[in-house]
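K.L.:
One structure coming up, written as structure tokens, with questions to follow.
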Amino acid sequence: MSFYGPQTSENDAVNPFLNYLLLVEFNHNGSKTMIRGFYAADGNSANTGSDSGAVWQVRYIPEVSGKWTYSAKLYKGDSVAINNNIENAEQIDLTNSNGKFVVVDSEKKANDKNFKGRLIAKNGYFKFRDTNDYFLKVGADSPENF
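Residue numbering for the sequence shown follows the numbering used here, starting at 1 and increasing by one per position.
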């Protein structure tokens, strides 16, 4: 999900990764989940290589189908991204900071890896939360040794 806020750059004196904090609250039937967002430059910097822009993003996968709402707030302050103290931070306007969406049930079949549910880390291994099956990455670039 993308939001449009202040134009900034990775090289600005007010660093967008350190001095801004995007918090997005997702709500479903009274259940609330707060997710941290991030500065995304032009929104496609992985492909464009851009180091500046006005796009802020959050990634969240709801686990329950139904109607959801969201509310995003962007804060600016000295090291606010690492100290999480929004009391002394300035709230910055974002476009489409509030909205709603609908999550539908998956149409994945049993032979699809996404059918098994969310992947979690447990005891140093990746497992599917719903089935307790282990996830093993195999193939090119696996294992990754740096």
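Positions of the beta carbon are idealized from the N, C-alpha and C atoms, including for glycine.
Give every residue of the same chain whose Cβ lies closer than 8 Å to the Cβ of N98, excluding the five residues on either side of it in the sequence, and list them in chain order.
P.N.:
Indexing the sequence shown from 1 puts residue 98 at position 98. Correct list, in chain order: T69, Y70, S71, A72.
K.L.:
Looking only at its own chain, which residues have a Cβ that is under 6 Å from the Cβ of I86, when we skip the five neighbours before and after it?
P.N.:
Looking up residue 86 in the sequence shown gives position 86. Y75.
K.L.:
Indicate whether V58 and L21 have their beta-carbon atoms separated by less than 8 Å.
P.N.:
Counting from one through the sequence shown, the residue named residue 58 turns up at place 58. Counting from one through the sequence shown, the residue named residue 21 turns up at place 21. Against a cut-off of 8 Å, the Cβ pair of L21 and V58 comes out as no contact.
K.L.:
Given T95, which residues of its chain have a CB within under 7 Å of its CB, disregarding the five upstream and five downstream residues?
P.N.:
The count along the sequence shown starts at 1 and reaches residue 95 at position 95. Result list for T95: F3, Y4, in chain order.
K.L.:
Relative to the C-alpha of E53, which residue among N19, D133, E10 is closest?
P.N.:
To locate residue 53, count along the sequence shown from 1; it is residue 53. In the sequence as presented, Glu is not what sits at residue 53; that position holds Gly. When the alpha-carbon of G53 is set against those of N19, D133, E10, the nearest one is in E10.
K.L.:
Our contact map puts F101 next to L119 with C-beta atoms below 8 Å; I'd like the distance itself, whole angstroms only.
P.N.:
For the purposes of this step, residue 101 is taken as residue 101 along the sequence shown, with counting starting at 1. For the purposes of this step, residue 119 is taken as residue 119 along the sequence shown, with counting starting at 1. The pair is not a contact, with the Cβ atoms about 23 Å apart (cut-off 8 Å).
K.L.:
Decide if F17 is buried, meaning its Cβ has at least 16 other Cβ atoms within 10 Å, or exposed.
P.N.:
On the sequence shown, position 17 is the one that residue 17 refers to. It counts as exposed.
K.L.:
Nearest by alpha-carbon distance to N132: which of K116, D105, G124, R36 is it?
P.N.:
For the purposes of this step, residue 132 is identified with residue 132 of the sequence shown, where counting begins at 1. Closest by alpha carbon: K116.
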